[in-house]
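Below is one structure, written out as structure tokens, with a few remarks after it.
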Amino acid sequence: MFDFVSQSKSTDYELSFNLWFVDRINKSIQADEEAYRRMREHLLKEYRDRRVAVHNGKVVVVGDGQSEVIKKAFSIVGDSPFCVNRVGEEARVGRRVYRFR
39 MFDFVSQSKS TDYELSFNLW FVDRINKSIQ ADEEAYRRMR EHLLKEYRDR RVAVHNGKVV
99 VVGDGQSEVI KKAFSIVGDS PFCVNRVGEE ARVGRRVYRF R
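Take the sequence shown: its letters are residues 39 to 139, numbered as in my numbering.
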């Protein structure tokens, strides 16, 4: 879970907005992680040991390298958060991916 640490000079509005934004990211990624768990059995048959990026409940990229999958996923989903898993190795390799611009 991503935790926001505010600067001491932030206004209450800025802090509230930042907390809302982080909460939105966490909920989005949690939904994608849940979607991955629902698809896991199918993914194991087709993509075992490959990496998949899940966004809005759908697999958007499949590849062999983590950086390759992340780059392709950002090119497809823009700055939206997504999760990346190595199919069958979720406990060791799962990643939550997001960026701030």
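Built from N, CA and C at the ideal position, the CB exists for glycine as well.
Q) Nearest CA to the CA of Pro119: which residue from Lys65, Leu53, Trp58, Asn56? A) Measuring from the Cα of Pro119, the nearest candidate turns out to be Lys65.
Q.
DSSP three-state label for Asn64, please.
A. Three-state result, Asn64: helix.
Q: Determine, using beta carbons only, whether Phe125 and Leu82 come nearer to each other than 8 angstroms.
A: Note that residue 125 is Val in the sequence shown here, rather than Phe. In contact: Val125 and Leu82 (Cβ atoms closer than 8 angstroms).
Q) Can you tell me the Cα-Cα spacing of Trp58 and Glu52, whole angstroms? A) Approximately 10 angstroms between the Cα atoms of the pair.
Q | Buried or exposed by the 16-neighbour rule on C-beta atoms within 10 Å, applied to Ala129 | A | In summary, Ala129 is exposed, with fewer than 16 beta-carbon neighbours lying within 10 Å of its beta-carbon over all protein chains present.
Q | Beta-carbon proximity of Arg86 to Asp102, cut-off 8 angstroms | A | It is not a contact, given that the beta carbons lie outside the stated cut-off.
**Q.** Val97, enclosing beta strand (DSSP E) - first and last residue
**A.** Run containing Val97: 96 to 101, per the beta strand (DSSP E) assignment.
**Q.** Bridge partners - Ala91, DSSP secondary structure assignment
**A.** Its beta-bridge partners are Val99, Val122.
Q. Quick one: what's got a C-beta closer than 8 angstroms to Ala111's C-beta in the same chain, skipping five residues either side?
A. The residues are Ala91, His93, Val98, Val99, Phe120, Val122, Val135.
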